[in-house]
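Worksheet: the structure to be examined is printed underneath.
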Amino acid sequence: MLRQLLNPMSVTAVKTGSNDFALEFVRWRRKPRWLPVAKSKVFRVPERKKQTEEERIELMRLHNQYKTQLRSVRQYLREEVIRHQETSTADHIVLTPEQEEAEFQRCLEVNAEWNAKIAGEREVRLAKERDEKVAYVQERLEAGKLREEERRERADERIRFEIEQSKTFVTRANLDEAIEAALANPVDHNFAIDLAGNLYRGRGTQSLNN
Amino acid sequence: MSLSPASGIGRFYKHSAKIIRFVRLGCTNRPFYHIVVMERRKNQHQPVIEQVGSYDPMPNENNERLVALNTERIRFWLGKGAHMSEPAAELLGISGLLPVHPRTYMTAWRNRKAAAEAAALAEAEGSQKAAETA
Chain A
3 MLRQLLNPMS VTAVKTGSND FALEFVRWRR KPRWLPVAKS KVFRVPERKK QTEEERIELM
63 RLHNQYKTQL RSVRQYLREE VIRHQETSTA DHIVLTPEQE EAEFQRCLEV NAEWNAKIAG
123 EREVRLAKER DEKVAYVQER LEAGKLREEE RRERADERIR FEIEQSKTFV TRANLDEAIE
183 AALANPVDHN FAIDLAGNLY RGRGTQSLNN
Chain B
4 MSLSPASGIG RFYKHSAKII RFVRLGCTNR PFYHIVVMER RKNQHQPVIE QVGSYDPMPN
64 ENNERLVALN TERIRFWLGK GAHMSEPAAE LLGISGLLPV HPRTYMTAWR NRKAAAEAAA
124 LAEAEGSQKA AETA
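These protein sequence lines map, in sequence, to chains A and B.
Each residue of the first sequence is one higher than the one before, starting from 3 at the first, in the working numbering.
Each residue of the second sequence is one higher than the one before, starting from 4 at the first, in the working numbering.
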């Protein structure tokens, strides 16, 4: 059974349903491999392309000629590739030691020149940055000084105000006098208001207004 | 399936068989071909080693079918021993780089023969009609 399955002829015959009489190609694009040949196509014999004898002979002659010509062209191209590989310097550089040294010196000169140019530019830039920094620090210092002065001014003002106020403070010395003065002049904060919005301060005692 | 770039990222063994052949791009009913070098055993839509030309088989408004070939690289690869597919060999033969392929001659004489037969048929029909009307 296995042998029979592995036999390629029988396998194709089973899968495509073809016979050896008409060669049947696997049409896996259009229908699954396991479907048999359509009933209408079972006995169809594909027509062979006809080739006349003179055409065959002519083609053979042309093919022989073509193969000969192509062989010589190929040989020429092969030699060309080898020649090109030998003479080409595309993938490597050929220089004498003197040339290499000169090239190196030239590179050094170019590099030094460039470095000098960059150094000049850097000097200018750094000097400018330094000046800017100095100016900035100076400005901040002055602003700080001004701020300090203002603060001192405000503090002095406050001190003067407190000293002024301290003349009327109630101390242990004049405590009795202050109590007597308060008792002598009672102050009433009550008031009444009428519909017109007039205020009537006091309730019978001395009010704040009078 | 994503397209592999034409710039040539295909990997290949040094001594494997290379081939110059077409890769069919374009879409349904609109073929367009890249002429590429790739390993012979590979599927046409695998990454290529190098693209050496393009071929537009549909005639444009001036009835031209445009082909571009990088002959320098084609010479290089042929010198390296690359094979050619038959259509590619035909195209290179017509372009003048290689000898003309026999299949080109065959197609030409078959076309000539078909044209001659069609002309004879038309002539015969014309004479028959003339005889009927007379």
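Quick reminder that beta carbons are idealized off the backbone N, C-alpha and C, glycines included.
Keep in mind the model is a prediction, meaning the values are calculated, not measured.
Looking at C-alpha atoms only, which residue of the options is the closest neighbour of residue i?
i: Val47 (chain A); options: A:Gln53, A:Thr54 and A:Val39; result: A:Val39
i: Tyr58 (chain B); options: B:Ala117, B:Gln49, B:Tyr36 and B:Gln47; result: B:Tyr36
i: Lys21 (chain B); options: B:Leu69, B:Ile97, B:Lys45 and B:Ala133; result: B:Lys45
i: Leu6 (chain B); options: B:Ser19, B:His18, B:Gln49 and B:Ile23; result: B:Gln49
i: Ile15 (chain B); options: B:Val51, B:Gly29 and B:Pro34; result: Reading off the sequence shown, one finds Phe at residue 15 (chain B), where the question assumed Ile. The shortest C-alpha separation from Phe15 (chain B) is found at B:Val51.
i: Arg73 (chain A); options: B:Val70, B:Gly84, B:Glu128 and B:Asn66; result: B:Gly84
Here's a check: name, in chain order, each residue in its chain whose Cβ is nearer than 6 Å to the Cβ of residue i, leaving out the five neighbours to either side.
i: Ala15 (chain A); result: For Ala15 (chain A), the predicted model reports a pLDDT of 46, less than 50, meaning its position is unreliable and no value from the coordinates is stated.
i: Gly204 (chain A); result: Asp190
Helix, strand or coil for residue i per DSSP?
i: Gln54 (chain B); result: strand
i: Phe163 (chain A); result: helix
i: Gln6 (chain A); result: Unreliable positioning characterises Gln6 (chain A) in this predicted model, as indicated by a pLDDT of 46, which lies under 50. The coordinate reading is nonetheless provided below. Three-state result, Gln6 (chain A): helix.
i: Phe15 (chain B); result: coil
i: Lys141 (chain B); result: Since the displayed chain B opens at 4 and closes at 137, residue 141 (chain B) lies outside it and no answer follows.
i: Gly29 (chain B); result: strand
i: Val13 (chain A); result: Caution is warranted here: a pLDDT of 45 is assigned to Val13 (chain A), below 50, making its placement in the model unreliable, and no coordinate value can be reported.
i: Leu101 (chain B); result: coil
i: Pro34 (chain B); result: strand
i: Ala194 (chain A); result: strand
i: Gly95 (chain B); result: According to the sequence displayed, residue 95 (chain B) carries Leu and not Gly. Leu95 (chain B): helix per DSSP, three-state reduction.
i: Leu124 (chain B); result: helix
i: Leu185 (chain A); result: helix
i: Leu6 (chain B); result: coil
i: Arg203 (chain A); result: strand
i: Val39 (chain B); result: strand
Looking only at its own chain, which residues have a Cβ that is under 7 Å from the Cβ of residue i, when we skip the five neighbours before and after it?
i: Glu93 (chain B); result: His104, Arg106 and Thr107
i: Ala91 (chain B); result: Ile23, Arg24, Phe25 and Ile38
i: Pro102 (chain B); result: Gly96
Which residues in the same chain as residue i place their Cβ atom closer than 8 Å to its Cβ, once the five residues preceding and following it in sequence are excluded?
i: Leu100 (chain B); result: Leu72, Thr74, Ile77 and Arg78
i: Val126 (chain A); result: none
i: Trp80 (chain B); result: Lys21, Ile23, Val40, Glu53 and Val55
i: Lys43 (chain B); result: Reading off the sequence shown, one finds Arg at residue 43 (chain B), where the question assumed Lys. Within the same chain, Arg43 (chain B) has close Cβ partners Ser19, Ala20, Lys21, Ile22 and His86.
i: Leu177 (chain A); result: none
i: Arg68 (chain B); result: Tyr58, Asp59, Pro60, Met61 and Pro62
Counting only C-beta atoms, is residue i closer than 8 Å to chain E at any point?
i: Val136 (chain A); result: No chain E appears in the structure shown, which is made up of the protein chains A and B.
Minimum length 4: unbroken alpha helix (DSSP H) runs contained in the region 30–114 of chain A
For the alpha helix (DSSP H) assignment, the uninterrupted runs of no fewer than 4 residues enclosed by the region 30–114 of chain A are, from N- to C-terminal side, 55–89.
Members of the region 77–106 of chain A that neighbour chain B once the beta carbon cut-off is set at 7 Å: Leu79, Arg80, Glu82 and Val83
inquiry  = Report the start-end ranges of each alpha helix (DSSP H) in the region 55–86 of chain B that is 4 residues or longer and not cut off at the edges.
reply    = 74–82
Contact set between the region 78–89 of chain B and chain A, restricted to residues whose Cβ is under 8 Å from the partner = Arg78, Phe79, Leu81, Gly82, Lys83 and Gly84
Return the residues of the region 26–52 of chain B that lie within a Cβ-Cβ distance of less than 9 Å from chain A, sorted by chain order.
none
_Against chain A, which members of the region 96–107 of chain B pass a CB distance test of less than 7 Å?_
Leu101, Pro102, His104 and Pro105
Q. Along the region 31–57 of chain A, what residues have a CB closer than 8 Å to any CB found in chain B?
A. Glu57
So if I threshold CB-CB distances at 8 Å, which residues from the region 59–75 of chain B count as touching chain A? Answer set for the region 59–75 of chain B: empty.
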